[in-house]
Structure formats: structure tokens, C-alpha cells
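Which chain is which? The protein sequence lines are Y, B and C, in order. Each residue of the first sequence is one higher than the last, beginning at 1 in the numbering used here. Each residue of the second sequence is one higher than the last, beginning at 1 in the numbering used here. Each residue of the third sequence is one higher than the last, beginning at 1 in the numbering used here. A virtual CB, placed ideally from N, CA and C, is assigned to each residue, including glycine. In this text, all values refer to a predicted model and were calculated from it rather than measured experimentally. Worksheet: the structure to be examined is printed underneath.
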Amino acid sequence: MNYRKAAGNIFLKVVVSMTVLGAGFLFSGQPVPAAEGSETILMATTTSTDNTGLLDYLMPSFTARTGIDIRWVATGTGKALKLGENCDVDVLLVHAPASEKSFIGRGFGVGRRKIMYNDFVIIGPASDPAAIKGKRVFEALQAIASSDNFFVSRGDNSGTNKKERTLWRLADIQLPEQESWYRQSGQGMLTTINIAAELKGYTLTDRGTYIKYESAAALVPDLVVLVEGEPVLLNQYSVIPVNPRHCPEIKYDMARVLSDWLAGDEAQSMIREFKLLGKQLFIPNAGQE
Amino acid sequence: MEFIQEGFSQAYALLISRDPATYSAVIATLRASGLAMAASLLLGIPFGYVLGYFNFPLKKQIRIIVDTLLSLPTVFIGLVIYALLTRNGPFGGSGLLFTITGIAIGQAVLSLPIIISLTATAVEAADHNLRTTLMSLGANRRQIAASTLWEVRLGIIAAAVTATGRVLTEVGISLMVGGNIKWHTRTITTAIALETNKGEFGMGIALGLVLLLIALAVNVSLAGLRRRI
Amino acid sequence: MDIYQIRDVDHYYGDKQVLSIEDLSIPEGSITGLAGPNGSGKSTLLKLMAFLERPTYGAILFNDKKVAPFSKEVRSRVTLLNQEPYLMHRSVFENVAYGLKVRKKSTRLINRVEQALNLVGLTEPDFARRKWYQLSGGEAQRVALAARLALRPRVLLLDEPTASVDMESAGLIRDASLQARRKWGTTLVVATHDWQWLYETCDTGLHLLHGRIFKGGLGCAVSGPWRFGEGDMLLKELEGDQVLVVPKPDEGKNVAVLDPAKLKVVMPGDDPQLNTDNRMLNGFVTRLFLERNGKTVQVAIKVAELLVTLRMASSKAEEFKLYPAAAVRIIYDPREIEWF
């Protein structure tokens, strides 16, 4: 055997065997997902639409109807808007009206349309030590702020967090930050509810996540709904195609097709029929003011 | 605590029912880490070898930098790779954001310092008699370099095992660069993060067990390789 | 013909001089023994002779040619067996075949490897298939030697080949090296503490001290502490109230050496007229040893804590009726003591 060949073999054995091992994994049977074609759009949305299963329920119908394949990144509203601003996605489905307006105002998005809403509720221990049950939202928040009971905030600039900050402002309370009763979890809604339960505190949540929490908590949930049903607690979801003048490369036309479909009769009635654990989660309101 | 038990039975169910979402996440994980490992081994072994074998100016400084990069946090790598791959970023035109290849680039950045540092250490730790022995048996410079590489192969495999462990289990890069897109870039670790956020702790445990099984398979094959060579 | 000619070689590691050899020739096909304490430069000399390193100053001629590391005159022809053998992490076969493979002499590889293993007494079938970690220390050393013998080298340099192996391996290693000389005329240079190697096997013995070749290894090397004496002299106080007087050392040297050729042995009571400059030491014989030529005897004399070895004609030893434990006197001239 020629030595040069042997030395080559040696080097190849080490490097290539690992490379082949890796490559073996790459092509091990499973069909490779369809490559990104022109028929695919990318949407940034909030965790609430994805975690509840709404998108998995809706989007196959959209693809069947239009032939457009859709993928989505589910994240906090803050990051979703950032992805739109950076032209990384074609369309947004988010729920933070004030930020959305500034997003459009700065020329990043165009043609915002309301699609549906659900609502926020304030939840807390069944014993309700701050006595907020039945109070109006602003009174309830004042009661919590002036008591010793914990309030757990998402603290992550998500849609829910933005809503919470709006409510403090409307209730005429300086935005809490380091107050001893105010805790910011920096995590998702369900984790935040669990933290509130551990601390016997209050928190603001969307109803969908609360329903999941309630069902997981078996018979008696630690936290119950104490304040609900006011217009200010509504949580409006809108679809916003990214502005093609800001991002010439995005697929604006297909984003419009999605927007039209979501606001159309088929999607609207599907949203009305969507139930989580037997309860309706979202109320369609496309075209309403 | 019952969700741990639930996790075990769910893991079993996922595997025998060939749950398509789980298999898609497994494939995404293997493709991303396989690509990342291939790239980082191809770049890292020669670089680490040069760093350990030769003496040159700034060698010590380069070594310190490489060792410092061992502490790169994955979320930070994810953020930097995102900044590079975003459409408004310098490589925005490449279309690699939210793709497996994008994740693999980030994971290769994670793995590269490990491969380089451990390869260099293995080469430096080679017996000081090795060089004189090879030279004395008539090897020329190139043959000495090649044989030294072969002599430290076990150290290089150890580097690969360590790096594979980190790459398989990282979540920060996959989440930030991959976007956790179902059927496409959802890996096992981002799926665990998602299930945990959704409160599906049992499912999270199940996926974690699946990931451990993959790690076991990878290590068994590397151990086999180690025995054979 | 001399296969090696070493001229004015000075070798440094950093600022430290480790070797200084003015003139040394080694005839082809000879067996040369290298003796000397640890750190005396034996390993360094072997490395230079193996052309693994280039001497800092001076030249080593091989076959009358100046050669450098990796040059084709010496590749695969001059080979060194290290004190601690390194076996590559491969099978015994691959270890022994390595030198043949890198030389691209791959015909009859299996045969050559088998022959080499037989030479060192590793005749077990399937021994070649063993892994490097399945060998004892002696077996590893023999495999390492077989790897060198497989090359059929012109020069085989051995650094303490038997220092850390069992007796059987030591014997086999010696026999295999001698066979190489018989079969292929291989020149052997052996650094060793092994008395048998040095005095019974080697044609010539070289003794190294502080990197210099030292008077055939006889005499005695004395190191401090020293005390200032009269004039320019230094004194070393020995056990039993004896004193050794030496001249002032040259710059950078710290071992005083008694040259055996300049020492004179007398019997007690047989005292000659002492020259005013001469001094005397009392001791007794510890060992008498007939050299290979059959005509000279090495006499080791214990003087306090020193051991002085010198050579005399066997007839003279007989005349003196020397026997171990016999009391003798050594006469020396302090001005003739040199520093190393």
C-alpha cells in the first residue's frame, strides 16, 4: 500500500466518518419539507393564536382554498412587529392596537384589518384578599396596588403586557416597576399564571390561556376569574401585511390574499366555531368598527 | 409530579405511533445538528490542529480568544446570526433566516470553538516522544503531521462528542434563527420550550426523552467508531 | 572508515550549553558505548547523531557528508530508539511496518515485519495483531526495537534500551542489536548504565560529563562544596580528615576531574620521595576488572567518599599483589587537576 494513500485514508477516516455520520442523519428517510417556493408566505404572530391551536385549525383551509402554503413564527407581539420591521416576514397577525398603529405610521405595514377579538380577565386567589371581585377594572387595580398582595406581570413587552401597562395608566396609577408587590416573570402566559398561583397573587391573562390553566388544574383551580366583561378588556387581533414600499422583496400580493381570506365569511365562521375545551375563544369581528 | 410519569408513557406513544409532528422535529434536529457538526469538524479540526501543532506569533492570544468563545451563550449567537441573516442585515439576500441551514450556521458557530480548542489540546498533549519516534522511523514533515493527527484521533472524537452534545441540546439559536416553525424549523428543543409554555409539561418531558434517545444513538455510534479505529 | 565525524560541536538549549565535543569519530560497523550520569548529554548526543536536531555550532559528518534533519542520506538509514519508547496507537504490525510504509518499501511487508519481530523474540503467532495497550513494558520496548530493525538501518542508536525492562527483554534486546551488526553491518551506539553492555559488548566506551567527553571514563569527578585554601588553591574536605587540593576553576566549570593517567598508585610504606607540589590520598581497592584486551586491569579505589578508577597493566597489579580491600595510596599533583 502506498503511504500517501494511507495518510490520506487516515485523515479521511477521521473527518469523513463524522461528516458521513452527520450527512447520514440529514437524509435519513424522511421527506425533506417542500423548499421555499413562490407559493409560501411567512407570518409572524403571537403565541396565543398558536398555543390555542387556532392556526393549526384555520390554515389548512386557507392553503386548500388558495394554494398558498403558510408558515408562521409564533412569538411575543414586540418581536413579531420587529420581524415585520426587518422585512423577515410577509404578514403579521397581532394584538396590540397602539403599537400596530405606530408600526403603520412609520410605514412598515399597510392595510390593517380587524379579524377577531377575545378578552382579558383579571384572575386571583379564590379568597380574594384584596377584595376586587365585582369591581370595575380601574378600581380593582387600585385595590391591588394599595394592598400587600402580589401582582404578577408578564413583563415581556407582549400584547398582554402592553395591555396591562395601558390599564395601569388608565387607572391613573404610575406604572409599577420595583414595588415589592409587583413581580415581572418575563415568561409566557401560562408560566406567569402558575407563578401567580404559587405566590397567591393576581394577574392579567387572556381568556384562552386561563381556560387551559383551569382545565389542567383539575377540580379546584387556585386562581379564579375576578374581573371581566368590560370593553377596555377586549383584545383585538388584526392582520397587517408588511408595506411593500418598505420591503420590496416581501410577498405583498399573497399577504393580501391571506388578509382577504381571514376577513371573509369562511374564516370568520370557522373562528366562531373554534372551541377550546368546549368554550368559544375568539369572537370574529371583521368589517365592524 | 405526575407529569414525569406521563412524560414516559407519552414518549413511548410518540415513538411507536410515529407521531408525524415529533418525527418532523426529530428530522429537523438531526439535519441542523448534522450540518453544523459536519461544517464545524471540517473547519475546526484543521484549525485546531494548526493551533496545537505549530508555533507562531499570536498563538497564545488566539488560544485565549478561542477558549473565551467556549462561553458564548446560545441566545447571543442566535441574536447575532439573526442580525446577519435578517432581510435588512448584511446577508439578508441569502434567504437563510427561518431555515434549517440558518440554524446550522448558528450551531456551527457554537460548536467550532469546542472542536478547535479540544483538538488543539489533544495535539499539544500528544507524547513528546511521538515526533522524534516518527522522524526516527524515516517520516518526512508531511507524514509526521498526518500521523500525529491520526495519533490524536481519540481526542478529536471526544471533541466531537462534546460539541454534538451542546449542538443537539441548544435552544437559543434554534428559536431565534429558526423561528420554531412547525413542520419546518421546529426542533425538539424548541418544541420542548413551546410545550412548556403551553403548559403541556408531560409532552415536554416526552420530547426531552426522545432527544436523550437520539443522543444515546449518536454516542453509541461514535463509541463504535472509537473501538474500530 | 568512519561513518561519523563530529567536529567542534557545541549545542545549546536556550542559554544553557548541553554538549561540547571537539573531535569524535565513530568507525563503521563498530559498537560504541556511551556512559555518564543523567544529564551528562548522552541523549542529546544521540539526538544529534540521529539528525533529529541540528547542532547549534559545528558539524556532524555522516559518510564524509554534512547532512541535515530530513535529508535523504540518513532518512530510514539512521534510527534512534528512545529511552521511553513511544508506540503509536495502532497494532503491533502497524507500528513495526510504519517505517517501511513511509519509505514506500511495501513489498513483502508481512515478511519483513515477521522477521523483525522474530529478531526481538516476539514469535507468538498473532502477536502482530495486538494493540499498543496490550503489551508489557519489555514487550513494548522490543516492538519499538523491531520497528527500527525492520528498516535494516546502517546506524542504530539506542538510548538506555534496557534501563526499564525485565532481564529477559534486556537480553533479547542486546542479542537483536548484535545480530543487526552481524547481518547488516549496522553501526551501534548505545547509551547505557549497563556494565555488561559497556565493558563486554562495546568496542569503545565513551564517557560523558557535563556535555564533554571525559578521559575514557576513568579517574574521578569531584564536585563542591569548596573552601578557599592557600594561594590560588581550593580545598575539598573529605571524610576521615583527608583534604583534596585543586587549582582555581575556569569560568563556568564546576567539576574537578582527576586524570587517571596522571595519578600514581603506591603501596603504603613504599612511599617515594614526594615532590613538594605532590599530595597524597589514602584509600583501599574495591574492585579489580580485567579489560577485554586481557592486558590491562581497571582498579577502583575508594578514597573517603570518592571512588577513583584507573587503569594499569595486569602485570603491575600482580606485582603490587592488589586484591579488593588492599590499602593503597594515590599520589597526585594539584596543578594537573582539570575542571569540567
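Point to revise | Contact set for Ser147(Y): own chain, Cβ-Cβ below 6 Å, skip 5 residues either direction | key: As a working mapping, residue 147(Y) is identified with position 147 in the first sequence. A distance below 6 Å between beta-carbons, with the five flanking residues on each side excluded, links Ser147(Y) to the following residues of its chain, in chain order: Ala130.
Check your understanding: Hey, Leu156(C) and Thr204(C): beta-carbon distance below 9 Å or not?
Key -> Walking along the third sequence from the start, residue 156(C) turns up at place 156. Walking along the third sequence from the start, residue 204(C) turns up at place 204. Taking a C-beta distance under 9 Å as the contact criterion, Leu156(C) and Thr204(C) do not qualify as a contact pair.
Practice item. Would you mind sorting Ser28(Y) into buried or exposed? The rule is 16 or more other CB atoms within 10 Å of its CB. Key: By 1-based counting over the first sequence, the position of residue 28(Y) is 28. Unreliable placement is indicated for Ser28(Y), whose pLDDT of 40 sits below 50; the coordinate value is still reported in the next sentence. The residue in question, Ser28(Y), is exposed, as its Cβ has fewer than 16 Cβ neighbours within 10 Å.
Practice item. Look at the Cβ atom of Ala146(C), then the Cβ atom of Leu178(C), and state whether they are nearer than 9 Å. Key: Reading the third sequence from its first residue, position 146 is the one you call residue 146(C). Reading the third sequence from its first residue, position 178 is the one you call residue 178(C). Not closer than 9 Å, so no.
Review point. Is it right to say Leu198(C) is buried, meaning 16 or more other beta carbons lie within 10 angstroms of its own, or is it exposed?
Key: The residue you call residue 198(C) lines up with position 198 of the third sequence. With 16 or more Cβ atoms within 10 Å of its Cβ, Leu198(C) is classed as buried.
Check your understanding: Going along the chain, which residues of its own chain have a beta-carbon closer than 6 Å to the beta-carbon of Ala193(B), five neighbours each way excluded?
Key -> Translated into positions along the second sequence, residue 193(B) becomes position 193. Contacts found: Val171.
Exercise for review: Mind the definition here: the region 95 to 103 of chain C touches the region 132 to 144 of chain B only if three or more C-beta pairs lie below 8 Å; say whether that holds.
Suggested key: A contact exists between the region 95 to 103 of chain C and the region 132 to 144 of chain B.
Review point. From the beta carbon of Leu208(C), is the nearest beta carbon of chain D less than 9 Å away?
Key: The structure shown contains no chain D; the protein chains it does contain are Y, B and C.
Check your understanding: Are any of the Cβ atoms in chain C nearer than 9 Å to that of Ala139(B)?
Key -> Looking up residue 139(B) in the second sequence gives position 139. Judged by the 9 Å Cβ criterion, Ala139(B) is in contact with chain C.
Practice item. On a CA-only basis, which of Asn219(B), Pro57(B), Ala108(B), Leu51(B) is nearest Ile81(B)? Give me that one, please. Key: Taking the second sequence and counting its residues from 1, the one referred to as residue 81(B) is at position 81. Across the set Asn219(B), Pro57(B), Ala108(B), Leu51(B), the C-alpha of Ala108(B) shows the shortest separation from the C-alpha of Ile81(B).
Review point. Exposed or buried, which one is Glu114(C) when buried takes at least 16 other CB atoms within 10 Å?
Key: Taking the third sequence and counting its residues from 1, the one referred to as residue 114(C) is at position 114. By the Cβ-count criterion, Glu114(C) is buried, with 16 or more other Cβ atoms from all chains shown falling within 10 Å of its own Cβ.
**Study point:** alpha helix (DSSP H) segments (min. 4 residues) lying fully within the region 235 to 259 of chain C
**Key:** For the region 235 to 259 of chain C, not a single whole alpha helix (DSSP H) run of length 4 or above is found.
Point to revise | Top-ranked residue by Cα proximity to Tyr133(C), from Gly33(C), Asn38(C), Val303(C), His89(C) | key: In the third sequence, counting from the first residue as 1, residue 133(C) sits at position 133. Of Gly33(C), Asn38(C), Val303(C), His89(C), the smallest CA-CA separation from Tyr133(C) is found for His89(C).
Practice item. Would you check whether the ligand PLP has a heavy atom nearer than 8 Å to the C-beta of Leu55(Y)? Key: Inclusion of the ligand PLP in the displayed structure is not the case, the ligand content being empty and no account of it being possible.
Point to revise | Option in Asp69(Y), Ile173(Y), Ala255(Y) with minimal Cα separation from Arg113(Y) | key: The residue given as residue 113(Y) occupies position 113 in the first sequence. For the residues Asp69(Y), Ile173(Y), Ala255(Y), the minimum Cα distance to Arg113(Y) belongs to Ala255(Y).
**Study point:** chain Y residues whose Cβ lies nearer than 7 Å to that of Ile181(B)
**Key:** Here residue 181(B) refers to the residue found at position 181 when the second sequence is read from its first residue. By Cβ distance, chain Y contributes Arg71, Trp72, Val73.
**Study point:** Per-residue burial, Arg136(Y) [other beta carbons within 10 Å of its own, 16 or more giving buried]
**Key:** If you number the first sequence from 1, residue 136(Y) lands on position 136. The residue in question, Arg136(Y), is exposed, as its Cβ has fewer than 16 Cβ neighbours within 10 Å.
Point to revise | C-alpha distance - Asp270(C) paired with Arg329(C), whole-angstrom precision | key: Start at 1 with the first residue of the third sequence, and residue 270(C) comes out as number 270. Start at 1 with the first residue of the third sequence, and residue 329(C) comes out as number 329. Each residue's Cα considered, the two are about 9 Å apart.
Exercise for review: Would you mind sorting Lys212(Y) into buried or exposed? The rule is 16 or more other CB atoms within 10 Å of its CB.
Suggested key: As a first step, residue 212(Y) must be located in the first sequence, where it is residue number 212. With 16 or more other Cβ atoms within 10 Å, it is buried.
Check your understanding: What residues match up with Pro125(Y) in a beta bridge as DSSP calls it?
Key -> Here residue 125(Y) corresponds to residue number 125 of the first sequence, with the count starting at 1. Answer is Leu223(Y).
Practice item. Pick out whichever of Gly204(B), Pro57(B), Ala223(B), Arg166(B) has its Cα sitting closest to the Cα of Thr74(B). Key: Against the second sequence, residue 74(B) aligns to sequence position 74. Relative to the Cα of Thr74(B), the nearest Cα in the group Gly204(B), Pro57(B), Ala223(B), Arg166(B) belongs to Arg166(B).
**Study point:** CA-to-CA distance, Arg7(C) to Lys68(C), given in whole angstroms
**Key:** Along the third sequence, read from residue 1 onward, the residue named residue 68(C) stands at position 68. Along the third sequence, read from residue 1 onward, the residue named residue 7(C) stands at position 7. Rather than Lys, the amino acid found at residue 68(C) in this sequence is Ala. Rounded to the nearest whole angstrom, the C-alpha separation of Ala68(C) and Arg7(C) is 15 Å.
Practice item. Please look up how many angstroms separate the CB atoms of Arg131(B) and Ile144(B), rounded, as I've assumed it's under 8 Å. Key: Your numbering for residue 131(B) matches position 131 in the second sequence. Your numbering for residue 144(B) matches position 144 in the second sequence. The pair is a contact, with the Cβ atoms about 6 Å apart (cut-off 8 Å).
Point to revise | Cα-Cα separation between Lys65(C) and Tyr4(C), rounded to whole angstroms | key: The residue labelled residue 65(C) in the question sits at position 65 within the third sequence. The residue labelled residue 4(C) in the question sits at position 4 within the third sequence. Just so you know, the alpha carbons of Lys65(C) and Tyr4(C) end up roughly 9 Å apart.
Check your understanding: DSSP puts Cys220(C) in a beta bridge; with which residues?
Key -> Sequence index remark: in the third sequence, residue 220(C) carries index 220 (1-based). Among the bridge pairs identified by DSSP, Cys220(C) is matched with Leu258(C).
**Study point:** Neighbourhood of Ala34(Y) by C-beta, 8 Å cutoff - its chain only, sequence neighbours within 5 removed
**Key:** To locate residue 34(Y), count along the first sequence from 1; it is residue 34. Note that Ala34(Y) scores a pLDDT of 39, beneath 50, so its modelled location is shaky and nothing firm can be said.
Point to revise | Segments assigned alpha helix (DSSP H), at least 4 residues, entirely inside the region 78 to 143 of chain C | key: Runs found: 92 to 102, 109 to 119.
**Study point:** Top-ranked residue by Cα proximity to Val224(Y), from Glu214(Y), Pro231(Y), Trp261(Y), Tyr237(Y)
**Key:** Position 224 of the first sequence, counted from the start, is the residue given in the question as residue 224(Y). Among Glu214(Y), Pro231(Y), Trp261(Y), Tyr237(Y), the Cα nearest to that of Val224(Y) belongs to Glu214(Y).
Practice item. Let me know the secondary structure DSSP gives Leu72(B) once reduced to three states. Key: As a first step, residue 72(B) must be located in the second sequence, where it is residue number 72. In the structure shown, the three-state DSSP call for Leu72(B) is coil.
Review point. Excluding sequence positions up to five away, which residues of its chain have a Cβ less than 6 Å from the Cβ of Gly204(B)?
Key: Taking the first residue of the second sequence as 1, we reach residue 204(B) at position 204. Cβ neighbours of Gly204(B) within its own chain (closer than 6 Å, five residues either side excluded): Ile192, Glu195, Thr196.
**Study point:** Nonlocal neighbours in the same chain, by C-beta distance under 8 Å from Val94(Y), ignoring five residues either side
**Key:** Residue numbering aside, residue 94(Y) sits at position 94 when the first sequence is read from its first letter. Short of 8 Å from the beta carbon of Val94(Y), and not among the five residues preceding or following it, lie these beta carbons of its own chain, in chain order: Ala44, Thr45, Thr46, Thr77, Ala80, Leu81, Glu100, Gly159, Tyr237, Ser238, Ile240.
Practice item. Locate the alpha helix (DSSP H) running through Ser9(B), then write down its first and last residues. Key: The sequence position of residue 9(B) within the second sequence is 9, counting from 1. Note, Ser9(B): alpha helix (DSSP H), 2 to 16.
Exercise for review: With DSSP as the reference, label Glu200(B) as helix, strand or coil.
Suggested key: Within the second sequence, residue 200(B) is the residue found at index 200, counting from 1. If DSSP states are grouped into helix, strand and coil, Glu200(B) belongs with coil.
**Study point:** Range covered by the beta strand (DSSP E) that runs through Val189(C)
**Key:** Within the third sequence, numbered from 1, the residue matching residue 189(C) stands at position 189. For Val189(C), the uninterrupted beta strand (DSSP E) run begins and ends at 187 to 191, by DSSP.
Review point. When the distance is taken between beta carbons, is Leu79(B) closer than 9 Å to Ile105(B)?
Key: The sequence position of residue 105(B) within the second sequence is 105, counting from 1. The sequence position of residue 79(B) within the second sequence is 79, counting from 1. Contact flag unset, no.
**Study point:** Selection of the region 190 to 220 of chain B by Cβ proximity to chain Y, strictly under 7 Å
**Key:** Taking 7 Å as the Cβ-Cβ cut-off against chain Y, the residues of the region 190 to 220 of chain B that qualify are Asn197, Lys198, Gly199.
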